[in-house]
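Everything on this sheet refers to the single structure shown next.
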Amino acid sequence: MARAITANELTKLRGKQSSRLYLALHQPAVVYSAQVDQASFEVEPDAVAYKNGSGTLANVKPGMTMLIGTAAGKHDVGMVRIRKEPGTSTFFIGRTGGINWQNNLYLTVINEFRPWAVPVSYYNGVAYLDEDVSYTNEHSQYRPVIVMGPPAVLWLKNGTAVLSPKAEESWVFGSTISGYSWSAPGASATSGMNTAEPQVTYNSAGQYTISCTVTAANGKSATGYRPVFVFGGNVKPIEVKSLPHCAGDAESGGWAAEVEIVDLAGAVVRDGMLAVLFTLDEWNGTVEVVGVPDGYGNILMSGWINGDTISVKRGYGTVSFRIEGTAAWLARLASLPGVIKKSENAAQAWDEFEIPTVTRAVWHLLTERSTLGLCTDILLDVDGRRMPAFDLSGGSLWEQIQQVCGSAQYIINSDRCGRVYGGIDPALRRASERSGIPVVMDITKADWADEMVIHEQTEKVSLLEIKGIRDDTPEERLISRAPGYLPRYGGDWRVIDWLVFDNQEHANFLSGQMLAVLNNRFEVEVALGMNNRFIDICPAQYVTLTLASGDTPFGAIFNAAKFFPRRVEYQFEDGGIRTKVILEKEVFGSPGVTIIPESPGGDENLVPDEPRLPNYPLFPPPRSDWPEYAPPPVENVDDCLSGNMFVGPYILTPPIRVLDTEEIAETEIYIPCKLRDGTVDHKSMVAITGYMRYQAGGIWYSAYTLSDWTVEALDASGNVVAVGVNSFGNVGGLMGRVSTFYPVGPLQIDRLRIRLSGAYGSVGNWSRTWNANYGWGGWKPAETTTTIGNDIYVDPVTDEWKVFRHVQTYWRIQDGKIGLRRDVPPHYTESRMVYEFPKNTVRVIGDVSKTIVMYPQDWTYASTFYHLTSNHAVVPHSYQLYLWDGLVKTYNWASWVSVFIERIVINSLAGNWWECASVIMQDYTCAVQRYQWIIQGIYLFNVCPL
Amino acid sequence: MADYKIGTTLGGMTNIESLGVPVPRSRFQAGERVTLANGGVRELGWGRAEWVFPILTMTQRNALRNYCPSGSAAVYIRTMTNENAYANYQAMMIWPEEEDQRAGRVFDLVIRFNLIALET
């Protein structure tokens, strides 16, 4: 919780000050070591057999890091997460790509808890957490969230260092915290270990770990772990040579720092290692900690090292790297797509909630789909607004969190110490909801140095319309427009959709407030010539600013005006820490006006009763998709094409997220790449997650078994060059579909096309919509050379009796829409031509065992009706030729195409005739089942760059 | 008697005169001055002390150099502040990049100390 600076602290901040900047690198102890005892492996195993174990197996905890190396203690092969307690000969690990498992590799479990993604997998339609954890009641009897403070940095003073962690902010949905149990191995003394605020004393320098298990009244418990660094005597921290960057930014969600150090003091630097930047501050000659969080104010920034940024300059003997906070790490954690949906009663699965709220969905992502709860504090303001479901199509945990938050103006940030805070954007709260936000300090001319930069912007948005659903009545569509029915003088019009409102009044408040925030005139950069550890981007807090008109050339007047800190930067030079803050002025808008949605049938009849929630476009950062959908570089394309390795997945975002047989039934995705030969081990494959549904009686039902979909690979000219083979039913995502390509030889493609088809003839009755009787008033023998009827004639060259009517049925696919030209509803997408030879209108002369061929030949007809086996003088039956596209239920024409039955041919042998008196042509149409495919993610595997 | 001292530990500081080094001219800056919007200044960052020796023999020079064999070294010093009083500091001793050495003497040697922390 942020708090106001006390007068005593303010005096120190405004006085003489200097700092020493240090780095604490967590060097976790080895808990257990072993070697791989397994000769062959799955591609990404979730368990590995081991031998030569050393250590106490019971100390291996879920969430710990296991190093995999070619020698003891090394991690040159990779790192994985321990996902559950090991067996006597098996480690159970999180599936991790890119590890070349070999027998006899060295395995080292270390006492490290860091952020990892925890997958939800689907087997036979059942969701499992972390490979094999079945759901019981976790979404009705919730696990608590442990809040126990950040990693601590202490100095021995007179031989002791005392840590006083606090866990009273731990929380749980629907229950209360009933017990605390702390553990502090290595401490010289402890007290209150079963209270919320114990005291832990150390009498020697070193690195320790404390843990706390909180128990809720519902019987559920959770455990958190935090490193404790104790320095003193000969145990010294690493001195920081320079700090090129250290900033927290609300837009990116958290903090990051770049550091350069000269001497690692024997420490090892690797990816994922916890790093704590901290200071020893002197205030007017007195060493003291002045800052928040209380007890941890010496921490400048805490995060984990991004291994990709480690740079060793051997010539200079320096090491530099980037430390990234929680948000950046969540963005690095890939997460399988899926949904969080509402259950009818109590939740029965990991992806269900009886009441899906933003807070619960975020809690699920942070504490169940990641290990974050083990290693950092998570504090979420409860927002009770409900959604029918949440789309989790983003590729990383951070993207999925943004998707969940977007509809409810909920934002997630982490503070300097990596603690995660969630809540409604304070700038979008009602005035009454801001009363609890503390004012950290009033910035006066005694505080700021250099020039104050005031960005004033003119109006950007002249009219804002927001749309969404009502919290308690999701089928009710609410729309509000601000400033009113008419726009302001200048600026763009903007529409934001898929929000959730308490009610219409809330929508009106929000439209006005959003417009005010969008058009906020003032953003102020203030360079505080001081080491200020009180202002942060979260939790929600104000600073106030007082300016007289003569204080700045700009002439702005602020009288203790409230601002929200949106960015905080620290600069360190020659022992001085300067703080720069970027502030957003608090504004209040006037409520917008109510817009009544159009009647059903209009454009507004689009209640989102299924997850289809695009990103909230204003406040969370935009998604960063794979640029241009081009595969990332592979070192050797030939190696890639050899198919020996698994490549990808490459996440594609389709232009269309919902395919609908009544609307847009196909989508194309530009992805120039090469498909692998179909004979290689790892074939090119596309996996589409999401789910299908069909409508009957106005109600949507899941369509688990629908297989009427296609994936095609097209070349640059739009020709289909490879067709996907739908080889699997389910993949990791909810009701995912997988299609494997089997081209002969590597194949260059330009794009993918995905189509959804209806189930033909599955519903409805065929109805005759048009017919014509072509009679010619008497028997006409086949040898007759004149045209019979309108277009029925006998071909004198081939001796064939033909209908050459050019019966044209106009199909078209436009914007992926299949329809008939004639005035039929768009979902009447199947049509049959029936040629009926009425009874006693066909007679055969001579031997007939004839075949009937229709052209084009890829059109088929009902076999039961065409075959003539009897030698009848007069064929006593009605013969019907049913023509429809029975082989391929999709149509390849990109625009209006006239498809016609060119002719019908009844072969007759020389001297043997057919005679026909009349033919009736009928045109039948049939309602095709309406299907939708809600696509949440498209993943392309095992393709290679051009 | 002047009381300029230097050592590698606080308790092990030695009066530089006992090392045969003459008393320097010293300069002291409490910290970088940040000018505030109200016209005031704030001393921010490490203080700085400089010991200026107009002329040293090589023996005297080396007696100081022993404390800083490379470009910089962590030391403790006792030096004169602007308040005409001596104070102890944990300091980073910065040896000058260039020296004016002639005829076995060093002229105008300026040794800078970044004053990391006041030691009381």
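From first to last, the protein sequence lines are chains A and B. Mapped onto our numbering, the consecutive letters of the first sequence carry residue numbers 1 to 946. Mapped onto our numbering, the consecutive letters of the second sequence carry residue numbers 947 to 1066. Built from N, CA and C at the ideal position, the CB exists for glycine as well. All of these numbers come straight from a predicted model, not from anything done at the bench.
Checklist entry - Any idea what DSSP makes of A:V382, helix, strand or coil? => result Looking at A:V382 - three-state DSSP - the assignment turns out to be coil, as it is neither helix nor strand.
Item to check | Inter-residue spacing [alpha-carbon to alpha-carbon] between A:I595 and A:G468 | outcome: Going from the Cα of A:I595 to the Cα of A:G468 covers about 12 angstroms.
Item to check | Given A:G1004 as reference, the closest of A:N194, A:T201, A:E475, A:L25 once Cα atoms are compared | outcome: Only positions 1 to 946 of chain A appear in this structure, which leaves residue 1004 of chain A out of reach.
Item to check | Any chain B beta carbon closer than 8 angstroms to A:E197 | outcome: A:E197 has a beta carbon lying at 8 angstroms or more from every beta carbon in chain B.
Checklist entry - Who are the neighbours of A:Q400 on chain B, taking C-beta pairs under 8 angstroms? => result Using a Cβ-Cβ cut-off of 8 angstroms, A:Q400 is close to nothing in chain B; its nearest Cβ partner there is about 43 angstroms away.
Checklist entry - With which residues is A:T959 paired in a DSSP beta bridge? => result Residue 959 of chain A is absent from the structure shown; chain A starts at 1 and stops at 946.
Checklist entry - Quick one: what's got a C-beta closer than 6 angstroms to A:C538's C-beta in the same chain, skipping five residues either side? => result If the five residues before and after A:C538 are omitted, its C-beta is found closer than 6 angstroms to the C-beta atoms of N413, D415, Y421, all from its own chain and listed in chain order.
Next on the checklist: Whether or not the segment 711–725 of chain A and the segment 977–990 of chain B are in contact is what I'm after, with contact meaning three or more pairs of Cβ atoms, one per stretch, closer than 8 angstroms; do they touch?
Outcome noted: Touching, no.
Item to check | For A:G745, the first and last residue of its enclosing alpha helix (DSSP H) | outcome: A:G745 -> no alpha helix (DSSP H), and no H or E assigned at all.
Item to check | Proximal residues of chain B, C-beta to C-beta of A:W448 below 8 angstroms | outcome: Those are L982, A983, listed as they occur along chain B.
Item to check | Contact set between the segment 536–569 of chain A and chain B, restricted to residues whose Cβ is under 8 angstroms from the partner | outcome: Listed by position, the residues of the segment 536–569 of chain A near chain B (Cβ gap below 8 angstroms) are D551.
Item to check | Cross-chain neighbours of B:N1028 in chain A, by beta carbon under 7 angstroms | outcome: None at all; the shortest Cβ gap to chain A is about 12 angstroms.
Checklist entry - Assuming A:L528 contacts A:K445 under a Cβ cut-off of 8 angstroms, what Cβ separation, rounded to an integer in Å, is found between them? => result In fact, because the Cβ distance is near 12 angstroms, the residues do not count as touching under 8 angstroms.
Next on the checklist: Suppose the cutoff is 8 angstroms on Cβ atoms and the five residues either side in sequence are ignored; what does the same chain contact list for A:G963 look like?
Outcome noted: One cannot answer for residue 963 of chain A here, as it falls past the ends of chain A, which runs 1 to 946.
Next on the checklist: Quick check on B:F999: does DSSP put it in helix, strand or coil?
Outcome noted: Looking at B:F999 - three-state DSSP - the assignment turns out to be strand.
Next on the checklist: Pull the bridge partners of A:T957 from the DSSP assignment, please.
Outcome noted: No information on residue 957 of chain A is available, as it lies outside the stretch 1 to 946 that chain A covers here.
Next on the checklist: Using beta carbons (cut-off 8 angstroms, strictly below), is B:W992 in contact with chain A?
Outcome noted: Yes, contact with chain A.
Item to check | chain A contact for B:N961 (CB, 8 angstroms cutoff) | outcome: Taking a beta-carbon distance threshold of 8 angstroms, B:N961 does not count as an interface residue toward chain A.
Checklist entry - If you drop the 5 nearest sequence neighbours on each side, which residues of the same chain put their C-beta closer than 6 angstroms to that of B:E996? => result Once the five neighbours on either side are set aside, the close Cβ partners of B:E996 are R973, V1056, R1058.
Next on the checklist: I'd like the span of the alpha helix (DSSP H) that includes A:Q402, first residue to last.
Outcome noted: From DSSP, the alpha helix (DSSP H) with A:Q402 extends over 397–406.
Checklist entry - For B:I1001 and chain A, any beta-carbon pair shorter than 8 angstroms? => result Chain A places no beta carbon closer than 8 angstroms to that of B:I1001, leaving this residue out of the contacts.
Checklist entry - Taking Cβ positions only, does B:N1034 come closer than 8 angstroms to chain A? => result The C-beta of B:N1034 comes no closer than 8 angstroms to any C-beta of chain A.
Checklist entry - Going by DSSP, what residues sit across from A:W709 in a beta bridge? => result The secondary-structure analysis by DSSP pairs A:W709 across a beta bridge with A:L756.
Item to check | Proximal chain B residues relative to A:K16, where beta-carbon distance stays under 8 angstroms | outcome: Neighbours of A:K16 on chain B, chain order: A976, G977, R988, E989, L990.
Checklist entry - Which same chain residues, not among the five before or five after A:L129, have their C-beta less than 6 angstroms away from its C-beta? => result The residues are V120, W350.
Item to check | Cβ pair A:I950, A:L107 closer than 8 angstroms | outcome: Any question about residue 950 of chain A goes unanswered here, given that chain A covers just 1 to 946.
Checklist entry - Got a sec: which bits of the segment 1052–1065 of chain B sit with their beta carbon under 9 angstroms from any beta carbon on chain A, in order along the chain? => result Of all residues in the segment 1052–1065 of chain B, only N1060, L1061, I1062, A1063, L1064 place a beta-carbon less than 9 angstroms from a beta-carbon of chain A.
Item to check | Alpha carbon of A:V133 to alpha carbon of A:L264, nearest angstrom | outcome: When rounded, the separation of the alpha-carbon atoms in A:V133 and A:L264 is 41 angstroms.
Checklist entry - Roughly how many whole angstroms lie between the Cα atoms of A:R332 and A:R114? => result Rounded to the nearest angstrom, the two C-alpha atoms are 12 angstroms apart.
Checklist entry - Do the segment 178–194 of chain A and the segment 332–346 of chain A make contact, defined as three or more Cβ pairs closer than 8 angstroms? => result Verdict: no, contact absent.
Item to check | Within-8 angstroms CB hit, A:D377 to chain B | outcome: No, A:D377 does not count as interfacial toward chain B.
Checklist entry - Name the DSSP beta bridge partners of A:P565, please? => result A:P565 pairs with A:L583.
Item to check | Under 8 angstroms between C-beta atoms of A:L641 and A:C944 | outcome: In this structure, the beta-carbon distance from A:L641 to A:C944 falls below 8 angstroms.
Checklist entry - Which term fits A:V517, buried or exposed, when burial requires 16 or more other beta carbons within 10 angstroms of its beta carbon? => result By the neighbour-count rule (16 or more Cβ atoms within 10 Å), A:V517 is buried.
Item to check | Residue from A:K683, A:N520, A:N644, A:R226 with nearest C-alpha to A:E584 | outcome: The option with the nearest alpha carbon to A:E584 is A:N520.
Checklist entry - For the segment 1034–1043 of chain B against the segment 1000–1008 of chain B, are there 3 or more C-beta pairs whose distance is under 8 angstroms? => result Verdict: no, contact absent.
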